[in-house]
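For reference, the structure is listed below as structure tokens.
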Amino acid sequence: MKDLKHLIYFENLLQDAQNELVTKAVEDGQIALGYNCYYIPEVLLNLEGCFSSRLRAPNCTSSDIANYYMTNRTCPYARSILERAIEGGYNYLSCLFGAESCATMERMEEHFFLINPVKHDGFFVTQIDPPMKGDQTNLDYYKAQLKLKVVDEMKNRLGVDVSDEAMRKAIEQHNELSRIITEIGNFRKLDNPPITGYEFHVIQLVSQVCPHKLILPYLKETLEEIKTREPEEKFPFRARVALVGSEVDDPEFTKLIEMCGAMVVADRYCFGSFPSREQIEIKEGETAFDAICRHYLYWNQCARFMDGFKIDQRHAIAAQLVEDFKADGIIYENMKFCEFWSYEKVLANHIFTNEKHIPCCTIEKEYSLGAVGQLRTRFQAFIESLEIKSIQGGK
Amino acid sequence: MKTVAKIGGKVAMFAFLAFVGTFTLYMTNGENKLIYYVIRPLLNKHYDSQVRDRRIV
Amino acid sequence: MMFDKVIAAVDKKLERFDPIWQAENGVGGQRDRYYDKTGVAKWREWRGVKDTMVDYGAWLKNLASMAMMVASAPIPCLKGFWEYRWMGSYLGTFMFIDRLFEGFRGYELVTAHKCMHAIVRSLTKKIAFCLSNDRRLGGGKDTDRIVPMDEVLPPLFMMGFKELVPFPLQTLPEFIICDVDQHIEPYYIDVAESFGLPADVCSRCAAETGVALDDAFPLIGKAMISTNMPCNASEATSMFQRRRIGMPDFPVTLAMIHNEPGAHPYSTQMLKDAIAFVEKEYGVKYDWDNLFKYAKLMNEQNTIELEKWDYFKTPYSALCGIAETLYRLYAWASVNGTDPYFNKVDRQVIKIMRKAYEEKKEPFGGRTRHRAFLWGPSAVYYTDFPTWIQNCWGINIVLNMDSTMGHNMINTEDPDEAIKDLALFSEKATMRHHAVGGWDNVNAIWEWAKNFNCDMVLMNDNIACKGMLGVHALMEEQARDLGFHFIFIEHDLEDCRTVSRQDMRNCVNGYMSVVLGEEPLDPTLVEFDDSDAY
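Protein chains in written order, with my numbering: chain A, 43 to 437; chain B, 780 to 836; chain C, 10 to 543.
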């Protein structure tokens with residue numbers, strides 16, 4: 043396929059948390075609001091006058107200082123973020139909206155106010171206590187937490203307009219961006235898609251780490267380009283897989299799978315487009331804020347949810363993605379030392395393999411892709427098994 | 780009176796023997812040796828031979 | 010008077026058999042009594058006439074409780090021993106109690122045994138009750154009246170259901186038994202790992218998962234109550250228990266960041282939701298008067314506990330070390346005001362504590378050199394660690410993190426206030442309040458240590474506890490700044506294979522000999538092999 047016009051530009055934007063668009067937005071007087079987790083609604087952080095910046099630590103090959111603070115037995119994502127903060131990589135941020143999504147994440151975020159690694163006047167940190175069930179009691183708590191620790195803080199400390207009108211506008215803009223990403227992503231449903239999983243991963247990531255207003259024109263142009271892009275003559279991969287699991291913010295990981303022969307057709311992981319790019323609907327009689335809370339609680343696929351509905355929902359949604367995107371199997375990944383996904387991975391492997399009869403390969407990964415030999419072997423073996431299955435007519 | 784004394788004597792004798800027996804068992808750590816060296820190895824043999832219904836659901 | 014003289018003469022005659030005397034005189038010590046590796050003592054500890062009789066008396070009482078357990082349900086008990094691997098481990102109870110109270114004398118021995126007997130008495134009853142109603146073993150008349158609950162959720166709020174019996178599901182096969190036998194949970198951990206669970210998750214939760222997958226939970230009740238407490242792995246393991254046990258379940262997800270006003274209304278509502286769930290599943294009505302009856306017992310337990318704290322702050326506390334830790338943990342987490350016998354024991358123990366304080370009687374013969382506060386989740390497979398550290402290095406653990414669990418009083422008149430109090434109380438459950446849920450919770454250790462006049466903080470370093478690992482360096486820096494002796498004690502909670510008991514001891518040995526340059530009280534305890542011991 044012909045190279046996408048902006049792909050190299052997008053790739054470059056992912057080389058640094060403070061990329062050129064972030065710098066430009068801050069110089070234009072926009073307030074940069076950091077967050078780590080889907081529990082903090084991205085849309086809220088894109089109210090007029092500010093922009094969301096989902097924290098990554100690109101090219102973090104060593105987390106020695108963070109290891110000192112948090113030991114080397116905790117989630118490498120959290121440690122890498124702390125390391126990058128200490129290195130001064132997030133000095134553009136005005137605040138960090140944290141979530142006690144897991145113990146390690148909470149501890150990492152605490153270091154942001156305990157050792158003050160971010161050198162920015164007035165920088166502050168709040169942490170919500172996110173819900174663990176999808177019921178009304180938890181929705182009420184989620185609303186209360188977001189109001190107290192995100193919305194009120196934005197209004198009182200940063201002077202952001204958090205009125206219903208402002209939120210409705212933010213939802214509109216968010217929906218527009220989401221519609222574009224979803225439209226691009228839907229090309230992956232085709233038998234011979236004009237886009238690779240890697241390219242989509244890059245596009246999805248830039249939409250999360252760049253100011254929406256500045257990245258939107260590039261995304262629109264890319265969508266138009268893909269509409270007329272000629273795919274390869276023949277589908278160049280040996281299999282199609284859905285990538286499901288915890289945090290993946292390095293497109294090289296997707297590239298690794300694709301180089302082993304399987305196209306990543308669906309991305310259901312933290313930083314992926316499922317969830318994050320669904321349309322937010324405001325129901326009749328509902329405030330924009332209520333709609334946002336309901337939306338994010340419903341779509342959240344985190345493995346920390348404990349109630350039966352949410353547990354079943356995350357397996358059902360992954361299975362639905364396999365069907366919609368015609369995936370031959372699932373690669374279920376978790377970040378090393380992640381308690382939630384370590385357990386979820388075992389359960390999901392059982393459910394997909396034995397109950398839903400979807401081939402499933404489970405792997406554990408580091409944050410930075412250093413030694414990938416073992417992973418490559420696992421992927422190759424899995425893809426081979428999918429191929430054999432396909433040759434044998436799905437048996 | 781004699782009968783009472785006799786019964787009392789027997790109770791006292793029984794209590795004394797029970798004390799001697801249990802105290803000897805206690806001081807020599809007899810019950811723990813029996814459990815550690817005899818009972819638990821037998822039980823473990825049984826547990827190891829069990830076929831458990833081992834599955835997720 | 011004459012009697013005392015005789016006893017003193019006998020004691021003098023036999024003192025060479027007393028391991029403390031042996032250590033003081035350089036002719037042996039505690040470890041000389043043991044067969045190598047096994048933890049089996051050749052003979053029991055000679056503590057002098059009076060204390061040996063106290064220990065012997067306690068042994069008899071515990072033996073009687075166990076006999077009662079078997080007599081009350083002989084067939085279920087036999088079936089239980091046959092069916093469940095973890096039941097076999099309960100045979101190690103006597104050895105367990107012996108090692109807990111090694112070196113205890115006088116008042117501290119009496120209080121220790123009073124507390125321990127309450128636990129044995131309660132547990133044996135629980136085992137008999139559970140096995141008699143276990144569907145797998147034939148069931149019983151109460152099978153459907155039992156509500157299996159996650160053991161980390163305080164059961165007090167369930168006492169409003171007077172027709173039902175809340176039962177901590179994991180306590181028998183997992184938590185308590187790991188205290189008794191260090192080799193039992195690795196079996197279940199291996200089961201969980203054989204399904205693909207990584208070895209780096211918390212071993213306690215891995216063990217629970219293993220019990221579920223191995224089909225080794227007793228089958229009781231009609232619906233279960235799980236919880237998000239205390240932490241991530243605990244939440245995750247509930248998924249497996251829910252599926253494997255296959256009953257309707259209600260996860261009581263209390264606020265994680267709970268030290269703020271906004272959290273309590275949520276936790277309060279969560280308890281109300283749980284009550285509604287039980288009412289629906291069991292077809293019963295909540296009775297507040299019944300709750301109040303037990304809340305009063307809990308309030309009394311906590312009132313006495315607060316008085317105990319005053320004595321802990323002095324050098325004359327007759328309750329200390331593992332006796333204090335284990336009793337408070339069990340009395341709070343498992344009993345939680347539901348058993349009046351514990352109130353009786355509390356009243357007896359506080360009386361002895363008052364007396365010991367009046368007499369200015371120091372525990373352990375005044376051999377304590379350091380007063381330590383123990384923080385972080387403790388190694389369950391090395392319950393006698395506080396005993397060892399006192400006997401070997403003279404470090405008296407005056408209070409444990411878990412002892413500071415919910416100690417607010419519960420309103421016993423107004424249901425609306427009572428449920429709020431219960432929410433606050435339940436949020437501060439085992440490991441929950443201290444290890445996770447915000448920096449302030451863990452950073453509170455320094456204030457606690459200062460208030461209890463400690464010069465040392467022992468920080469349990471569970472190698473898989475993500476909440477505590479995340480503050481490693483900050484804790485060390487705080488200790489240095491505030492001038493506390495500070496030791497990280499590495500362990501793997503329920504897996505003795507990763508970090509052995511000797512490895513744990515080495516953490517202390519290194520600090521005491523190299524950093525503080527101190528000599529051990531009992532050199533036979535510095536290094537020994539107890540790898541095959543229960």
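Idealized CB from N, CA, C, for every residue including glycine. Bear in mind that the values here come from a model prediction, so they are computed numbers and not experimental data.
For residue j and residue i, the rounded distance between their alpha carbons
i              : j              : result
residue 130(A) : residue 253(A) : 20 Å
residue 317(A) : residue 150(A) : 24 Å
residue 203(A) : residue 77(A)  : 19 Å
residue 469(C) : residue 383(C) : 7 Å
residue 28(C)  : residue 126(A) : 56 Å
residue 257(C) : residue 94(A)  : 40 Å
residue 526(C) : residue 347(C) : 47 Å
residue 410(C) : residue 170(A) : 25 Å
residue 134(C) : residue 149(C) : 15 Å
residue 349(A) : residue 532(C) : 53 Å
residue 87(C)  : residue 449(C) : 48 Å
residue 169(C) : residue 295(C) : 5 Å
residue 419(C) : residue 175(C) : 19 Å
residue 334(A) : residue 355(A) : 19 Å
residue 363(C) : residue 370(C) : 10 Å
residue 191(A) : residue 432(A) : 51 Å
residue 488(C) : residue 462(C) : 15 Å
residue 91(C)  : residue 289(C) : 36 Å
Paired residues, beta bridge with residue i - DSSP
i              : result
residue 137(A) : 75(A), 166(A)
residue 153(C) : Beta-bridge pairing links residue 153(C) to no other residue.
residue 495(C) : 466(C)
residue 175(C) : 156(C)
residue 403(A) : 373(A)
residue 483(C) : In DSSP, residue 483(C) forms no bridge with anything.
residue 235(C) : 260(C)
residue 309(A) : 285(A)
residue 95(A)  : 76(A)
residue 406(C) : 381(C)
residue 304(A) : 281(A)
Other residues of its chain near residue i: CB distance less than 6 Å, five sequence neighbours each side excluded
i              : result
residue 439(A) : The structure shown does not extend to residue 439(A), since chain A is modelled only from 43 through 437, so no value can be given for it.
residue 379(C) : 404, 464, 465
residue 219(C) : 197, 198, 200, 201
residue 421(C) : 301, 304, 305
From the options, residue whose alpha carbon lies closest to that of residue i
i              : options                        : result
residue 180(A) : 121(C), 274(C), 66(C)          : 274(C)
residue 254(C) : 230(C), 271(C), 334(C)         : 230(C)
residue 233(A) : 250(A), 259(A), 244(A), 274(A) : 274(A)
residue 236(C) : 419(C), 161(C), 427(C), 228(C) : 161(C)
residue 49(C)  : 807(B), 826(B), 803(B)         : 807(B)
residue 153(A) : 110(A), 399(A), 173(A)         : 110(A)
residue 408(C) : 517(C), 434(C), 521(C), 323(C) : 323(C)
residue 320(C) : 289(C), 283(C), 303(C), 358(C) : 358(C)
residue 219(A) : 245(A), 423(A), 237(A), 293(A) : 245(A)
residue 315(C) : 204(C), 412(C), 206(C)         : 412(C)
residue 508(C) : 104(C), 540(C), 481(C)         : 540(C)
residue 99(C)  : 460(C), 132(C), 55(C)          : 132(C)
Neighbourhood of residue i by C-beta distance below 7 Å, restricted to the same chain and skipping five residues each side
i              : result
residue 66(A)  : 256
residue 63(A)  : 55, 252, 253, 256, 257
residue 437(C) : 414, 415
Sequence-distant residues of its chain with Cβ nearer than 8 Å to residue i (five each side left out)
i              : result
residue 335(C) : 109, 124, 125, 128, 188, 392
residue 355(C) : 309, 310, 313, 314, 340
* To do: Please go through the segment 260-343 of chain C and give each complete alpha helix (DSSP H) segment of 4 or more residues, from N-terminal end onward.
  => 272-291, 297-321, 330-338
* Scan the segment 315-377 of chain A and note each continuous alpha helix (DSSP H) run of 4 residues or more that stays entirely inside, going in chain order. => 330-341, 350-366
* Asked: Unbroken alpha helix (DSSP H) runs of length 4 or more, entirely within the segment 782-833 of chain B: which are they?
  -> 809-813, 819-828
* **Entirely enclosed alpha helix (DSSP H) segments - the segment 192-232 of chain A, minimum 4 residues** => 194-200, 206-228
* **Length at least 3, wholly inside the segment 353-404 of chain C: the beta strand (DSSP E) runs in chain order** => 379-384
* Could I get the ranges of all uninterrupted alpha helix (DSSP H) runs contained in the segment 158-223 of chain C, with 4 residues as the minimum, in chain order? => 185-189, 193-203, 212-222
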